Amino acid sequence: MINKELAKIFYQIAEFLELEGEKFKSQAYEKVALILETMSQDIKEIYEKGGRGALKEIKGVGESIAEKIEEYIKTGKIQYYEDFKKKLPFNLDELTKVEGLGPKRAKVLYEKLGVKNLKDLEGAAKKHKIRGLFGFGEKTERNILQAINFLKKSTGRFLLGEILPLAREIEEKLKSLKEVKEISIAGSLRRKKETIGDVDFLVISSDPQKVMDFFVSLPDVIKVWGKGPTRSSIRTKEGFDVDLRILPQKSYGAGLQYFTGSKEHNIFLRRIAIEKGFKLSEYGLFKGKKMVAGQNEEDIYHTLGMDWIPPEMRENQGEIEMALSHSLPKIIDVKDIKGDLHCHSDWDGGENSIEEIAQRAKEMGYSFVGISDHTKFLKIEHGLDERTLRRRNAFIDKLNLKFKNKGFKILKACEANILSDGRLDISDNALKELDVVIAGIHSSFKMTKEKMTERIIRAMKNPYLNIISHPTGRILKKRDEYQIDFDKVLRAAKEFGVVLEINSWPERLDLSAENIRRAKKGGVKMVINSDSHQIDQMRFMEYGVYQARRGFAEKEDIINTWPLEQMIDFLKK
Ligand SMILES: [Zn+2]
Ligand SMILES: [Zn+2]
Numbered sequence: 009m010i011n012k013e014l015a016k017i018f019y020q021i022a023e024f025l026e027l028e029g030e031k032f033k034s035q036a037y038e039k040v041a042l043i044l045e046t047m048s049q050d051i052k053e054i055y056e057k058g059g060r061g062a063l064k065e066i067k068g069v070g071e072s073i074a075e076k077i078e079e080y081i082k083t084g085k086i087q088y089y090e091d092f093k094k095k096l097p098f099n100l101d102e103l104t105k106v107e108g109l110g111p112k113r114a115k116v117l118y119e120k121l122g123v124k125n126l127k128d129l130e131g132a133a134k135k136h137k138i139r140g141l142f143g144f145g146e147k148t149e150r151n152i153l154q155a156i157n158f159l160k161k162s163t164g165r166f167l168l169g170e171i172l173p174l175a176r177e178i179e180e181k182l183k184s185l186k187e188v189k190e191i192s193i194a195g196s197l198r199r200k201k202e203t204i205g206d207v208d209f210l211v212i213s214s215d216p217q218k219v220m221d222f223f224v225s226l227p228d229v230i231k232v233w234g235k236g237p238t239r240s241s242i243r244t245k246e247g248f249d250v251d252l253r254i255l256p257q258k259s260y261g262a263g264l265q266y267f268t269g270s271k272e273h274n275i276f277l278r279r280i281a282i283e284k285g286f287k288l289s290e291y292g293l294f295k296g297k298k299m300v301a302g303q304n305e306e307d308i309y310h311t312l313g314m315d316w317i318p319p320e321m322r323e324n325q326g327e328i329e330m331a332l333s334h335s336l337p338k339i340i341d342v343k344d345i346k347g348d349l350h351c352h353s354d355w356d357g358g359e360n361s362i363e364e365i366a367q368r369a370k371e372m373g374y375s376f377v378g379i380s381d382h383t384k385f386l387k388i389e390h391g392l393d394e395r396t397l398r399r400r401n402a403f404i405d406k407l408n409l410k411f412k413n414k415g416f417k418i419l420k421a422c423e424a425n426i427l428s429d430g431r432l433d434i435s436d437n438a439l440k441e442l443d444v445v446i447a448g449i450h451s452s453f454k455m456t457k458e459k460m461t462e463r464i465i466r467a468m469k470n471p472y473l474n475i476i477s478h479p480t481g482r483i484l485k486k487r488d489e490y491q492i493d494f495d496k497v498l499r500a501a502k503e504f505g506v507v508l509e510i511n512s513w514p515e516r517l518d519l520s521a522e523n524i525r526r527a528k529k530g531g532v533k534m535v536i537n538s539d540s541h542q543i544d545q546m547r548f549m550e551y552g553v554y555q556a557r558r559g560f561a562e563k564e565d566i567i568n569t570w571p572l573e574q575m576i577d578f579l580k581k
């Protein structure tokens with residue numbers, strides 16, 4: 009969605025205008041930015057459906073702003089904004105990658121400290137020169153350093169949700185070649201890490217030359233890094249690199265094991281092999297000169313006296329020990345999911361009607377779906393108040409009559425907001441009438457650890473609350489988790505019978521794998537939800553499942569793998 013990109017540009021234009029004394033115009037841009045930021049409908053779609061006229065129907069969007077939105081959709085930039093930037097003596101694009109820095113503050117940093125780019129900024133922050141500036145302070149300086157570290161970590165990586173569909177497309181094309189006898193995705197993508205550097209394919213083929221010719225001339229290839237008989241490497245137009253290796257059949261399993269990683273997992277595995285008198289490499293498992301396993305990955309693990317380990321678990325987080333003692337958890341699978349409890353409907357500004365969501369849920373093989381519209385606080389997302397919520401509930405009751413005795417049910421849910429003091433933004437009387445109450449933090453992210461922990465725990469004490477959505481608030485590549493004492497949150501979740509969400513949205517995947525392991529250990533139940541705002545996003549569920557697998561979650565840990573009755577009983581507390 010380009011909404012957020014546009015919002016960021018408009019915020020910056022607002023600041024430029026303010027610097028130039030154009031107060032009124034500045035406020036107009038700021039208002040539109042705020043609306044764009046929280047709007048769930050894709051602005052590009054609005055434009056594609058109804059042109060500039062449809063844009064102007066959005067509150068606050070007049071002719072001139074509509075024109076700029078159109079320009080951005082068509083050309084990827086806004087000349088008016090580019091002209092502003094040209095006037096500046098510093099690199100605004102670089103500096104504003106740091107959250108919280110806009111033209112106004114960047115100008116101060118330039119004028120007082122001569123900061124022109126990220127490198128200057130990092131230097132100034134490390135030398136503690138920023139904390140003394142008016143309006144900045146020690147906390148801002150720390151935030152700047154954190155943001156820079158974060159940027160360094162996340163550049164050049166792609167979200168699992170961006171890259172997996174593209175990799176599957178390439179895989180399908182390669183599979184269509186009759187010379188491709190077998191193909192697998194390896195590397196971090198096979199392990200379903202939340203962000204991915206590049207994609208690795210392994211292939212068995214009788215005619216490698218033909219496969220390589222086909223691979224380097226795929227339509228999306230913009231650069232060929234290298235082409236050889238056993239290995240070629242390309243870059244796609246989306247900007248990620250793809251490696252293809254041809255392996256001999258007898259080593260295919262060993263190669264798959266080796267190139268799947270992780271490095272830490274493999275180091276440990278090779279050590280076990282040595283201890284047991286073997287030698288493990290990408291070519292096979294050897295006893296002396298004799299290869300004893302190699303064609304199948306399973307055989308390698310079995311010959312080493314352990315169970316086969318699902319790729320998502322291979323991060324050296326105890327999985328090898330468990331495989332050796334035959335005590336690996338039976339981690340969940342996509343097909344175990346019986347329903348999705350977090351779907352936004354058109355009642356709160358989402359794209360699709362409740363009927364459409366129910367229809368898609370049934371197509372996905374679910375036996376229930378929860379309609380969890382936003383409540384009051386998020387006015388721009390058309391959050392529902394008590395009265396509208398009640399009307400919506402009555403509507404769901406009516407729809408449910410159709411599914412009676414058909415093994416499917418629409419659940420009345422909501423996603424309330426946890427206000428900064430920990431109260432929910434809607435009355436208990438309204439919550440009481442729902443099947444599932446979800447609540448999450450959507451505002452005031454920057455709080456001290458104590459305050460934030462207290463805030464969440466106070467919300468958990470609400471007797472009607474069932475689920476905390478996206479519990480740590482992180483946005484991959486953009487924003488770290490907010491400060492919370494996760495152990496305290498876990499203890500409270502256990503005490504008050506509150507379920508923590510694994511949010512499947514590709515940018516969130518919140519909880520992280522590590523936090524899922526911690527929750528499991530603490531006996532806290534979890535739920536995997538899509539948080540969809542349109543029915544096509546309901547497919548995000550699979551990413552949440554992979555995340556749960558990375559966190560060793562079993563069916564008993566994840567309430568939406570349970571039969572509906574059992575889940576509802578549990579939620580009633
Ligand atoms: Zn939310
Ligand atoms: Zn949501």
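For the numbering used here, count along the sequence shown from 1 and bump the result up by 8. Backbone N, C-alpha and C fix where the C-beta goes; we use that ideal spot for every residue, glycine too. Since we're looking at a predicted model, the values are computed, not measured.
Rounded to the nearest whole angstrom, the CA to CA distance from Met-468 to Glu-38 is 34 angstroms. Inter-segment contact for the segment 391 to 409 and the segment 341 to 348 is absent: fewer than three beta-carbon pairs are separated by less than 8 angstroms. The shortest C-alpha to C-alpha distance from Ser-452 to any of Leu-439, Ile-475 and Gly-481 is the one to Gly-481. The residues Gly-391, Asp-393, Asp-433 and Ile-434, in chain order, have a CB closer than 6 angstroms to that of Lys-384 in the same chain once the five nearest residues on each side in sequence are set aside. Between ligand 2 and Asp-539, a heavy atom-to-CB distance of less than 6 angstroms is present.
Per DSSP, Asn-511 is one residue of the beta strand (DSSP E) stretching across 507 to 511. Each residue's CA atom was taken as its position, placing Asp-356 and Glu-509 some 21 angstroms apart.
Arg-139 has its alpha-carbon roughly 6 angstroms from the corresponding atom of Glu-149. The set of residues with a C-beta under 5 angstroms from any non-hydrogen atom of ligand 1 comprises Gly-448 and Ser-477, given in chain order. In this structure, the beta-carbon distance from Asp-208 to Phe-267 falls below 7 angstroms. The C-beta of Thr-203 has 16 or more other C-beta atoms within 10 Å across all chains shown, which makes the residue buried. Judged by their CB atoms, Tyr-55 and Ile-21 are not nearer to each other than the 7 angstroms cut-off. Per DSSP, the beta-bridge partners of Met-534 are Leu-508 and Ile-566. In this structure, Glu-423 has its CB closer than 6 angstroms to one or more heavy atoms of ligand 2. Between His-541 and Ser-48 a beta carbon distance of about 4 angstroms is seen, short of the 8 angstroms cut, so the two are scored as contacting.
In the DSSP annotation of this structure, the continuous segment of the beta strand (DSSP E) that includes Lys-420 starts and ends at 417 to 425. Taken through DSSP and simplified to helix, strand or coil, Met-321 comes out as helix. The C-beta of Lys-529 has fewer than 16 other C-beta atoms within 10 Å across all chains shown, which makes the residue exposed. Contact annotation: Lys-200 and Glu-320 have beta-carbon atoms nearer than 7 angstroms. In the DSSP assignment, Asp-544 forms no beta bridge with any residue.
Using a Cβ-Cβ distance cut-off of 8 angstroms, the segment 411 to 427 and the segment 557 to 571 are not in contact, since fewer than three pairs of beta carbons, one from each stretch, lie closer than that value.
Within the segment 441 to 475, the complete alpha helix (DSSP H) segments of 4 residues or longer fall at 457 to 468, listed in chain order.
Per the DSSP secondary-structure output, Phe-209 pairs in a beta bridge with Ile-193 and Leu-252. In the DSSP annotation of this structure, Lys-412 is not part of any beta strand (DSSP E), being labelled neither H nor E. Separation of the CB atoms of Ala-447 and Glu-423 is rounded to 7 angstroms, and the pair is thereby assigned contact status at 8 angstroms.
Counting only runs of 4 or more residues that sit fully inside the segment 15 to 70, the alpha helix (DSSP H) segments are 31 to 46 and 51 to 64, in chain order.
Annotation for Ser-192: Leu-210 and Leu-264 place their beta carbon closer than 6 angstroms to its own, counting only its chain and skipping 5 residues before and after. For Ile-280, the uninterrupted alpha helix (DSSP H) segment begins and ends at 271 to 283. Here Thr-203 carries a strand assignment [DSSP, helix/strand/coil]. Assignment of Lys-346 by DSSP, reduced to helix, strand and coil, places it in the coil class. For Asp-128, the enclosing alpha helix (DSSP H) starts and ends at 126 to 134.
When only Cα atoms are considered, Gly-373 and Asp-344 end up about 10 angstroms apart.
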